[in-house]
Each structure stands twice: as structure tokens, then as C-alpha cells.
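S.K.: With the working numbering applied, the sequence shown covers 21 to 931. Positions of the beta carbon are idealized from the N, C-alpha and C atoms, including for glycine. In this text, all values refer to a predicted model and were calculated from it rather than measured experimentally. Right, I'll just put the structure down here and ask away after.
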Amino acid sequence: MSMLSTSLRRAAAAGAITAIAAASLVAGVSVANAVPGAPTIVTPADGFTTISTTISVTGTVVDAGGFDQNVTVTASQGGVVATSCTSFVSYFDTSFACDLTVAAAGTYELVATSTEVSGDGVASVPSNAVTVAVGTDTPVTVTSHPEFDNEWSSLTPTLAGVGPALGRVSVFVYPEGTPPVGNLYCEVDPVPASGIWSCTGTNPTWDYGAASFRADGFDVTGAQTASDFGDFIQGAFVPGPPTSSYVLGPASVTATVQGASGAFLQTVVYEAELNGEGSVFTERQVCGASGNPPVVTCAATNLTPGIWNFYTEQDVAEVFYESANDYVLIPPVPGGPSATLLSDGSVRFSGTGVAGYRVLVRTVGASTVCSAIVSGSGTWRCDADLPPGAASYRAIQQSVGFDTNDYDVGSDRSLNGFSAYTSTVSVTVPSPVAPTPSPTPVPWTLEGYDGGALTPGQELTLFAQGLPPGTSVVIEIRSTPQVLGTALVDAQGSFELAVTIPSDLEVGDHTLVAIATPPGGVASTVAIPVAVVASPVDAAKTSVGAPIVDKSDAAPGPLGSDGGGSAVDRSNPAAPSAISDQIPTIDRIIRTPLVLVAGGGLALAILLLVAFPAELLNSTLASNTRRIGRWYAAIDAAVQRATDWFAAVTRTRAVAAAVLVVVTSLIFGFIDPDYGFDPVSLRMTLSLAIGLFIVTYVSSWISGAIISRVWDIPTRISLQPAAVVFAIIGVIVARLLEFSPGFLIGLVIGLDLLTRVGSVHRVRATLTTIGVMVGLAVLAWGGFSVMSGFAPGEPSAVWMLVSDALVATTSEGLTAALAALLPLGYLHGHEIFRHSKKLWAATFVGVGTIFALVVLPTAGTGPGDAAQLGFWILVMAGFAAVTLTLWAVLHFTGNDESDDEDVEHEVEAVR
């Protein structure tokens with residue numbers, strides 16, 4: 021091309037570019053952002069194979085209108101770029117070329133992209149993809165075997181080695197006696213990129229004997245690598261040793277040996293005298309067999325005592341030999357046996373033998389009746405229970421611990437054989453004589469009972485001696501007979517029987533009766549008076565003289581019903597305390613509908629006999645506060661100042677709250693008459709503290725969070741140590757009424773509203789606090805019911821602690837809720853009562869019903885015990901009488917002085 025034409029071409033290109041740039045400016049697009057078209061790879065073609073690691077790549081590009089381009093070719097494996105090359109293409113050229121050099125053999129995918137040199141570097145769409153296989157011309161080598169003297173126990177061995185990567189390896193086999201043309205044994209195509217190969221042939225057409233293998237390699241292009249004969253190895257197919265099994269009989273051995281296909285087997289029986297290298301072998305018997313596979317059976321009988329060698333030789337193609345070399349020790353015939361009939365009807369066999377060997381006594385039909393190891397003195401004996409009648413028996417001796425290594429001789433196996441049988445000995449076993457029926461009862465004594473008090477669930481082992489064999493014995497507990505067990509007297513005239521005292525047996529006096537009836541005789545009875553007392557676990561929860569029933573049905577008994585806890589081992593941390601199981605389970609309430617009726621009735625009785633008289637008294641107290649109220653206000657103020665001082669010193673009210681909870685729990689502990697310095701008292705105090713903490717502190721915290729979130733009323737948890745007085749009163753009342761865990765409770769921790777709010781919000785806060793308290797108590801009741809259903813027989817101290825804490829939470833929560841609902845001036849109920857008497861009555865009856873069902877002992881020994889209901893109605897009637905009397909005294913002697921109940925303080929206490 022002339023210089024003029026080149027100049028004209030460049031001028032034309034420049035003009036075209038200027039026109040495109042102008043047009044792009046109008047369209048709002050920059051020419052520099054144009055992306056070139058996808059290039060095309062022309063060579064190599066797709067599927068190209070080569071053994072060279074350098075690949076020459078050529079192709080064409082799309083004319084971008086006079087811009088220079090960079091074409092990048094990448095070679096990838098599995099999406100990962102292995103290498104690349106770049107070709108510069110001027111604006112007037114349309115082709116590119118570059119050389120790729122890969123590091124290792126493998127299959128690569130080639131792709132080309134183009135970018136404008138003066139552009140923004142945005143690559144074009146990728147070109148067509150081209151797959152290239154890069155292999156090697158590595159000579160084939162077999163590495164799994166040396167070159168000579170190889171042995172293959174299988175006719176299809178696995179060969180492995182290295183060869184041309186991505187090429188092919190063909191393995192040929194040359195069995196002995198075939199023409200020099202080999203058979204294709206196996207082939208690997210393609211060889212992995214690593215060059216490591218392995219293959220295994222199938223369906224061989226040759227047999228054991230000499231053979232050769234040759235491996236030929238062909239690279240990825242199909243050209244054979246290295247020499248024409250590749251790698252050549254020699255060896256032989258050699259079978260494994262024959263397998264043998266033996267049946268050992270009296271002075272006899274039957275050997276069964278199986279060999280390899282095409283082999284000849286020969287088993288020789290030798291009588292051996294072993295002494296290491298000086299051993300002597302005398303041939304006694306030869307057995308042979310051939311076949312596919314061959315199996316030889318060789319039975320040697322009447323073997324004399326000594327060592328016998330069973331040597332089997334396997335011959336393959338008269339070249340290769342394998343053997344099985346086994347030994348059997350035949351012991352001498354034992355001495356005896358002699359037979360002696362024993363007093364119990366069994367037979368004792370005895371005799372002599374080789375020390376440490378085993379002697380077996382058998383029937384003529386070869387059934388073993390007894391066996392023994394020969395003692396160090398060379399004697400043996402064994403006892404057998406034989407059927408009545410005459411029979412013949414004989415003995416046979418088996419060697420023990422035979423090992424050819426003890427003779428410095430190696431072998432495949434050392435077997436302990438049997439001697440010949442001894443002569444037989446006749447034994448006659450007489451038929452058992454039925455005992456003569458006794459026309460009169462047989463005097464006998466029942467043993468195993470020491471005369472002490474029994475507890476439900478206690479186990480006794482009773483026994484006796486001197487009774488006729490076959491006597492039937494029945495053990496009962498009366499007055500209402502319950503069979504505890506039966507037994508049969510053995511041949512020695514004795515029996516032993518383990519019995520259990522029924523768990524539902526009533527506490528009191530009973531009779532242990534044993535009836536012995538000999539076969540065909542007269543029954544003989546032994547009667548022993550027994551006293552049944554409550555078990556330590558049940559003593560604290562069962563009234564004296566009351567029946568012991570299943571825990572799920574047991575009703576709570578009054579405090580002190582165990583006689584002051586005398587039946588409880590208080591040194592045992594897991595022993596029951598005064599509050600253990602003092603509330604019924606949910607299951608019992610559901611299964612006893614009458615209890616529900618009684619609970620509702622008691623709730624109404626509480627409403628009529630306790631709540632309304634309390635409100636009447638409250639009205640009178642409100643008008644006489646100058647006479648009787650200032651002493652309490654003074655005490656409350658003094659104690660509150662002391663509490664605030666203690667909280668300020670400790671810098672936290674939590675410590676003061678903890679001290680208050682512990683002090684109150686210690687006071688509550690005295691509801692137990694045996695409360696003192698012992699593990700049970702400590703566990704009880706901790707349980708009460710946990711319950712009180714949940715009922716007061718946790719309940720107040722939850723209630724405060726709800727009140728603050730729902731009505732946006734700020735609250736705080738307050739301490740009321742003066743309420744400990746009510747805790748002391750509650751304990752005194754509980755002790756007087758023998759009722760646990762107390763009728764009154766000191767509300768030592770409460771919740772304060774920090775802003776002045778109307779009566780409606782105060783009532784809402786009050787109902788929330790009581791609802792949370794009752795909810796936590798009911799949850800604890802449910803937990804106690806679940807634990808009662810899965811209670812172990814001997815609960816641990818931790819189990820009892822959790823159970824007692826749930827009882828305390830339930831009782832303290834419900835008692836506190838009901839006491840707070842009383843319409844007295846310092847309690848929750850007064851605020852609700854003033855706001856709405858219907859709302860107060862509904863709330864009081866609801867809480868009162870749950871309280872009556874769970875806390876009050878609404879049933880005694882059975883559902884709906886009228887005596888228990890009458891007792892509590894009588895208590896509440898007494899409370900009403902005292903309250904009305906006090907009201908009358910204050911009302912008729914007062915001066916009609918009243919206080920304004922509507923004055924609202926800056927800080928209202930919700931307690």
C-alpha cells in the first residue's frame with residue numbers, strides 16, 4: 021500500500037471518528053464507552069490434542085471503526101484461569117495471534133476477549149470456547165510389581181503404574197504355553213492428568229502357572245510412547261494355601277481340606293514325636309483328591325495317645341506348592357468312672373486322669389451329663405442329676421492347652437483331641453418316694469421376722485426348715501387377708517421367700533400368717549402379731565391411725581399429725597418437713613368432684629364469715645384510729661426508718677429485702693414443732709425463703725413491669741418490715757389450729773405507685789398485683805403436681821428442696837392473695853371494695869375457691885370428709901364471732917370520730 025493511500029485511509033478514518041463523536045455527543049453517549057465485538061478463535065480447533073505445553077492461538081477480531089484493540093486469550097480448568105496471553109491488534113487489522121504455555125498436562129478451555137486500547141477497559145463478549153487436551157509422552161511403567169519373580173494369588177491381579185497423561189495404557193497378558201501373541205488384559209483410556217493409572221482384568225481364560233504382563237502406552241495424539249514393548253514383567257499365578265476343618269471324636273479325627281481350582285491335594289497322616297529339629301514323623305495314612313476345586317476328606321480312627329500330624333500338600337501345574345500343617349493331641353483314656361448315689365438323689369462320678377485335662381461323663385448315646393477338670397493330684401469328680409431308672413455311662417478325656425510351639429515346632433493349628441471312651445458303668449437311680457401324708461398338722465417355725473414394727477412397702481425375707489419336701493407355703497397379712505407370696509419346699513425341707521408389706525396397708529395391728537400344706541397332708545398355720553407404722557417419708561404427711569394411701573390421692577394432714585415428727589429422721593436432709601406434700605395435687609382435685617363442691621362452699625363461707633365481718637370491723641376501726649391505730653402507725657414508722665437506714669448503709673435495697681425474706685422465713689419455720697438446728701429445718705427454711713421471694717419480690721417486679729407498660733404508671737418495690745408482726749401472728753394461729761403453712765402472712769415486700777392516680781387505676785394495679793401473685797402460685801401448684809406424679813421411691817435432698825419450695829410458693833401466694841383481699845384499711849381488698857363491691861366479691865370468691873381447694877385441708881382420709889369441713893367452718897364462725905364482738909364494743913363505746921377515707925397520699929402502696 022502506498023503512502024498516499026495510507027494517508028487517505030487514515031484521513032477517512034479520522035473523519036468517520038469525528039462524525040461518530042459528534043453524533044454521540046448529540047445522543048448523550050461517549051464513543052470511548054463503546055465495547056468492541058466478540059473475537060473468534062480460529063486455531064486450534066475444538067477438541068485439539070497435543071503433547072506440547074505451548075499452544076499457538078490465532079483468530080479474528082471485529083473492526084471497531086479504527087480503534088486499536090488488545091485481545092486476551094485465557095486457558096481455564098474447572099472455571100479457574102490457569103494461564104493467558106495477550107495480542108495487540110491495530111485499528112486497521114482484523115486478526116490476532118499469541119502463544120499460551122500451560123504448566124501441566126490436562127484439559128483446558130480457551131476463550132478470547134477484546135478491549136479497546138484507548139477505551140475504558142470494558143471487555144467484549146467472550147469468543148467461542150475451544151477445548152484443548154494437553155498430554156504427555158511419558159513412557160509406561162508398571163510400579164505395582166518388580167520385574168521378575170512376581171506371585172499373584174488371584175487370577176485377576178490389579179496392576180498399577182505411570183504413563184502418558186490423557187493418553188492410553190493397554191496391558192497384555194501372556195499365560196504360560198500360549199503363543200507369543202498376548203491377550204488384552206485391561207486398558208486405561210484416558211490416563212488421568214496425573215499420569216498414574218491402574219486396572220484389573222476380568223473373566224480370565226487361563227489357569228494357575230507362569231505368566232507375563234506387558235503394558236504399552238499411547239500419548240494423547242495416539243502415538244505409542246517409548247519402545248514398542250512398553251514395560252514387561254514376569255511372574256506366576258500362585259494359589260493360596262488350602263483350607264482345612266476338623267471333626268474331633270473319641271480317638272478319631274476327620275479332616276476336610278479344600279484346595280485351589282486345578283490343584284491336586286494330598287493329605288498325609290503322621291504319628292509324630294516332636295522335639296524341634298529332631299522330630300520324628302511316621303506315615304500312617306494317605307488321602308488324595310483332585311477337582312475344580314479339589315476337596316479331600318481323610319478320617320483317621322483308633323488313634324493311639326500321642327501327637328498326630330495332618331499335613332496337606334497342594335500341587336499346581338507340578339510347579340507351585342502350598343500346604344496346611346495341623347496337629348492334634350490325643351490324650352490317654354481316663355481312669356474310672358465309678359458312680360456313687362448321693363442322699364439328694366444325684367450321682368457322683370469320679371476317677372483319674374492327666375492333671376489339667378478335662379474329663380466328660382456321657383451316656384452311651386454321647387450326651388454329656390457332667391464334666392470336670394482333673395486336679396493336680398490326678399483325680400476328678402462331677403455330680404449329675406440323672407433321671408430315675410438304670411442306665412450306662414462312660415468317660416472320655418480331652419487334652420487342654422496343647423501347643424506345638426512348646427515343642428519348638430511351628431504349625432498352622434494345634435488342636436485338643438479326645439481319648440477313647442472308658443468302659444461303661446451302670447447306674448440305677450431310684451424313683452422318688454412320695455412323702456407319707458401327715459394326718460395332723462406339722463409343727464414348724466417361720467423365721468425372718470424380728471418382731472419389730474413394719475412399714476408399708478417394707479421387704480421381708482421369710483424362711484423355714486424341717487418341712488416335708490413339696491410342701492406348699494402361702495404367706496398372708498390379715499385381718500382382711502392379702503396374699504404376700506407363695507413358695508414350695510425343696511428336697512432339703514426348706515424354703516425362702518421375699519415378701520413386701522402392701523403400700524396401702526392401714527397403720528395399726530395386723531397378723532402375719534403362714535400356711536404350710538404338705539403333699540396330701542393337713543395345713544399347718546403359723547400366726548405372728550405385727551404392728552404396722554407409717555414410714556419415715558409418710559410420717560410427716562399422714563395422721564396417726566389414718567390409712568396410708570397413694571401420694572396422688574393423699575390429702576394434706578394438719579401440722580403435727582406425725583406425733584411431733586418423732587417418726588422422721590431429721591438428720592437425713594431428704595426427710596420430709598412440716599410442709600412436705602401439704603397440698604393436694606391437681607390430679608386429686610380433678611378425680612374428686614366433691615372436693616370442688618367443698619372448695620366452693622368454703623369460699624362462700626369465708627366470704628360470709630370472714631370477709632364481711634372484717635369489713636364491718638374495718639369501718640369501726642376507721643372511726644377509732646385515735647384509740648387503737650396510732651400504736652401500729654408508730655411501730656411501722658420506726659421500723660421503716662430502720663429499714664431505710666439499713667438500705668442506705670448497704671447502698672442497695674436488695675440486701676435489705678434479702679434479710680427481710682430470711683427473717684420472715686425463719687419465723688415461718690416455727691410452724692414445725694420440731695424446728696431447730698438440723699438438716700430438715702435448714703432445707704425447710706430455704707424452701708420457705710424461695711417461696712416468699714417469688715410471692716413478694718418476683719411477683720412485685722412482674723406486676724410493676726405490667727403496670728408501667730400498660731398504664732404508664734411508674735412503680736417501685738417497697739419493703740414493709742412491720743408486716744413481720746403478721747407473720748408471727750400467722751405462725752401462732754397455725755400452731756393453735758394445727759394448720760400448715762399458716763393462715764396469715766406478713767406482706768413484707770410490696771409495690772408502690774410513684775405518682776398520684778385515680779381510684780380506677782389503683783384498682784387496676786391492685787387486681788394486676790393479685791392476679792400475678794395467684795398466677796405464680798398456680799404455676800407452682802402445677803409444678804408440684806407434676807413432680808408428685810414422677811416422684812422416686814427415695815427422693816434426694818435436692819428433689820425434696822424443690823418440692824417443698826413449690827409447696828411454699830403455692831401456699832404463701834394463695835394465702836397472701838386471700839389475706840390481701842380482706843376489706844381492711846391497710847390491704848388491697850379495701851380499695852377494690854370501695855370501688856365496686858360486685859367486682860370485689862367476684863375476685864374474693866375466685867381466689868377464695870382456689871385457696872380452699874389447695875391450701876385448706878378440704879378433705880381428710882377421703883373425699884369430702886365432713887369432719888374436716890365442719891372444723892374449718894367452726895374456725896371461721898369463731899373468727900366472725902370475735903370480729904362482731906370487737907365491732908360491738910368499739911361501736912357502742914366509741915365517740916363517732918371518723919377519718920376521711922378519701923384522702924389520697926402522694927405515694928399509694930399497692931400491697
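1) Look at the alpha carbon of threonine 835 and the alpha carbon of valine 875, and state the distance between them as a whole number of angstroms.
2) Glycine 762 to serine 831, Cα distance in whole Å?
3) Tell me whether arginine 854 sits in a helix, a strand or coil according to DSSP, three-state version.
4) Return the CA-CA distance between valine 730 and leucine 841, expressed in angstroms with no decimal places.
5) What number of angstroms, rounded off, separates the C-alpha of asparagine 436 from the C-alpha of glycine 255?
6) Rounded to a whole number of angstroms, what is the C-alpha to C-alpha distance between asparagine 592 and valine 700?
7) Of the choices Val818, Leu532, Phe810, Ala872, whose alpha-carbon is the least far from that of valine 838?
8) Does the separation of the CB atoms of valine 867 and valine 794 fall below 7 Å?
9) Leucine 406 and serine 391 - do their beta-carbons sit closer together than 7 Å?
10) What did DSSP end up calling leucine 425 once you bin it into helix, strand or coil?
11) Taking the alpha carbon of glycine 371 as the reference point, which residue from Gly365, Ala213, Ser387, Val353 has its own alpha carbon closest?
12) Helix, strand or coil for threonine 775 per DSSP?
13) Any idea what DSSP makes of aspartate 732, helix, strand or coil?
14) Could you pull out every residue in the same chain whose Cβ sits closer than 7 Å to the Cβ of asparagine 329, ignoring the five residues on either side in sequence?
15) What ranges does the beta strand (DSSP E) occupy inside the stretch 264 to 337, keeping only unbroken runs of at least 3 residues that lie completely in it?
16) For isoleucine 497, which three-state DSSP category applies?
17) Helix, strand or coil for glycine 376, going by three-state DSSP, please let me know.
18) Considering only residues of the same chain and omitting the five flanking positions on each side of leucine 525, which have a CB-CB separation below 6 Å?
19) What three-state label does DSSP hand proline 407 in the structure shown?
20) Which residue comes first and which comes last in the alpha helix (DSSP H) that contains phenylalanine 713?
21) Alpha carbon to alpha carbon, how far is proline 238 from glycine 202?
22) Assuming arginine 66 and valine 145 form a contact by the criterion Cβ under 8 Å, report the distance between their Cβ atoms to the nearest whole angstrom.
23) Exposed or buried, what is glutamate 467 when buried is set at 16 or more other beta-carbons lying within 10 Å of its beta-carbon?
24) Could you tell me which residues DSSP puts in a beta bridge with phenylalanine 116?
25) Using DSSP with H/G/I as helix, E/B as strand and the rest coil, what is tyrosine 194?
26) Is the beta carbon of proline 261 less than 7 Å from the beta carbon of alanine 344?
27) So, does the stretch 432 to 446 touch the stretch 408 to 419, judging by three or more C-beta pairs under 8 Å?
28) From alanine 246 to proline 177, what distance separates their C-alpha atoms?
29) According to DSSP, is aspartate 582 helix, strand or coil?
30) Count the CB pairs spanning the stretch 522 to 540 and the stretch 491 to 501 that are closer than 8 Å, and state whether there are at least three.
31) Am I right that isoleucine 497 and leucine 482 are in contact with their C-beta atoms under 8 Å? What's the rounded C-beta distance?
32) Can you give the beta carbon distance from arginine 368 to aspartate 403, rounded, assuming they're within the 8 Å contact cut?
33) What's the C-alpha gap between threonine 829 and glutamate 851?
34) Given a threshold of 16 other Cβ atoms within 10 Å of its Cβ, counted over all protein chains shown, does alanine 785 qualify as buried or as exposed?
35) Closest by CA to alanine 185, which one among Thr73, Asn223, Asp227?
36) Determine the extent of the alpha helix (DSSP H) in which tryptophan 933 is found, giving its start and end residues.
M.R.: With the given structure in hand:
1) In the sequence shown, the residue the question calls residue 835 occupies position 815. In the sequence shown, the residue the question calls residue 875 occupies position 855. Between threonine 835 and valine 875, the C-alpha separation is close to 8 Å.
2) Position 742 of the sequence shown holds residue 762. Position 811 of the sequence shown holds residue 831. Residue confidence for glycine 762 is low, a pLDDT of 43 falling below 50, so the modelled location carries little weight; the figure read from the coordinates is stated next. Those two C-alpha atoms are separated by around 8 Å.
3) The residue you call residue 854 lines up with position 834 of the sequence shown. If DSSP states are grouped into helix, strand and coil, arginine 854 belongs with the helices.
4) Against the sequence shown, residue 730 aligns to sequence position 710. Against the sequence shown, residue 841 aligns to sequence position 821. Going by the C-alpha atoms only, they are around 23 Å apart.
5) Here residue 436 refers to the residue found at position 416 of the sequence shown. Here residue 255 refers to the residue found at position 235 of the sequence shown. Cα-Cα distance, rounded: 40 Å.
6) Translated into positions along the sequence shown, residue 592 becomes position 572. Translated into positions along the sequence shown, residue 700 becomes position 680. Going from the Cα of asparagine 592 to the Cα of valine 700 covers about 7 Å.
7) On the sequence shown, position 818 is the one that residue 838 refers to. Note on identity: in this sequence residue 838 is leucine, with valine being the wrong assignment. Of the listed residues, the one whose Cα sits closest to leucine 838 is Ala872.
8) Residue 867 sits at position 847 when you count from the first residue of the sequence shown. Residue 794 sits at position 774 when you count from the first residue of the sequence shown. In contact: valine 867 and valine 794 (Cβ atoms closer than 7 Å).
9) Here residue 391 is taken as the residue at index 371 of the sequence shown, counted from 1. Here residue 406 is taken as the residue at index 386 of the sequence shown, counted from 1. No, Cβ-Cβ distance for serine 391 and leucine 406 is not below 7 Å.
10) Looking up residue 425 in the sequence shown gives position 405. Here residue 425 is asparagine; the residue named in the question, leucine, does not match the sequence. Assignment of asparagine 425 by DSSP, reduced to helix, strand and coil, places it in the helix class.
11) One-based indexing of the sequence shown puts residue 371 at position 351. Just measuring C-alpha positions, the residue of Gly365, Ala213, Ser387, Val353 sitting nearest glycine 371 is Val353.
12) Locating residue 775 in the sequence shown gives position 755, counting from the first residue. Caution is warranted here: a pLDDT of 48 is assigned to threonine 775, below 50, making its placement in the model unreliable, and the coordinate value is therefore given only provisionally. Annotated three-state conformation of threonine 775 is coil, per DSSP.
13) Within the sequence shown, residue 732 is the residue found at index 712, counting from 1. Looking at aspartate 732 - three-state DSSP - the assignment turns out to be coil, as it is neither helix nor strand.
14) Here residue 329 refers to the residue found at position 309 when the sequence shown is read from its first residue. If we look at asparagine 329 and ignore the five residues flanking it on each side, its Cβ neighbours are Tyr290, Ala292, Phe301, Tyr347.
15) 272 to 278, 284 to 293, 300 to 310, 315 to 320, 326 to 336
16) Taking the sequence shown and counting its residues from 1, the one referred to as residue 497 is at position 477. Note: isoleucine 497 maps to strand in three-state DSSP.
17) Taking the first residue of the sequence shown as 1, we reach residue 376 at position 356. Residue state, collapsed to three classes: coil.
18) Within the sequence shown, the letter at position 505 stands for residue 525. Cβ neighbours of leucine 525 beyond the five flanking positions: Pro476, Val552.
19) Within the sequence shown, numbered from 1, the residue matching residue 407 stands at position 387. DSSP places proline 407 in coil when its eight states are reduced to three.
20) Taking the first residue of the sequence shown as position 1, residue 713 is located at position 693. Note, phenylalanine 713: alpha helix (DSSP H), 699 to 713.
21) For the purposes of this step, residue 238 is taken as the residue at position 218 of the sequence shown. For the purposes of this step, residue 202 is taken as the residue at position 182 of the sequence shown. Residue identity check: residue 238 is phenylalanine in the sequence provided, not proline. Rounded to whole angstroms, phenylalanine 238 to glycine 202 spans 18 Å at the Cα level.
22) Here residue 66 refers to the residue found at position 46 of the sequence shown. Here residue 145 refers to the residue found at position 125 of the sequence shown. A quick correction: the sequence has aspartate, not arginine, at residue 66. About 18 Å separates the beta carbon of aspartate 66 from that of valine 145, a gap too long to meet the 8 Å contact definition.
23) The residue you call residue 467 lines up with position 447 of the sequence shown. The residue in question, glutamate 467, is exposed, as its Cβ has fewer than 16 Cβ neighbours within 10 Å.
24) By one-based count along the sequence shown, residue 116 stands at place 96. According to DSSP, which records beta bridges pairwise, phenylalanine 116 is partnered with Gly79.
25) Taking the first residue of the sequence shown as 1, we reach residue 194 at position 174. Three-state DSSP puts tyrosine 194 in a strand.
26) As a first step, residue 261 must be located in the sequence shown, where it is residue number 241. As a first step, residue 344 must be located in the sequence shown, where it is residue number 324. Yes, Cβ-Cβ distance for proline 261 and alanine 344 is below 7 Å.
27) Contact between the stretch 432 to 446 and the stretch 408 to 419 is present: three or more C-beta pairs spanning the two stretches fall below 8 Å.
28) Sequence index remark: in the sequence shown, residue 246 carries index 226 (1-based). Sequence index remark: in the sequence shown, residue 177 carries index 157 (1-based). Going from the Cα of alanine 246 to the Cα of proline 177 covers about 25 Å.
29) The sequence position of residue 582 within the sequence shown is 562, counting from 1. The predicted position of aspartate 582 is uncertain, since its pLDDT is 39 and thus under 50; no value can be drawn from it.
30) yes
31) The residue you call residue 497 lines up with position 477 of the sequence shown. The residue you call residue 482 lines up with position 462 of the sequence shown. Not a contact, Cβ separation roughly 12 Å.
32) Reading the sequence shown from its first residue, position 348 is the one you call residue 368. Reading the sequence shown from its first residue, position 383 is the one you call residue 403. The Cβ separation is near 5 Å, so the contact holds.
33) Taking the sequence shown and counting its residues from 1, the one referred to as residue 829 is at position 809. Taking the sequence shown and counting its residues from 1, the one referred to as residue 851 is at position 831. Each residue's Cα considered, the two are about 25 Å apart.
34) Counted from its first residue, the sequence shown places residue 785 at position 765. Its Cβ being crowded by 16 or more others within 10 Å, alanine 785 is buried.
35) The sequence position of residue 185 within the sequence shown is 165, counting from 1. Minimum Cα distance to alanine 185 is reached at Thr73.
36) Residue numbering for the chain in the displayed model covers 21 to 931; residue 933 lies beyond these limits and cannot be assessed.
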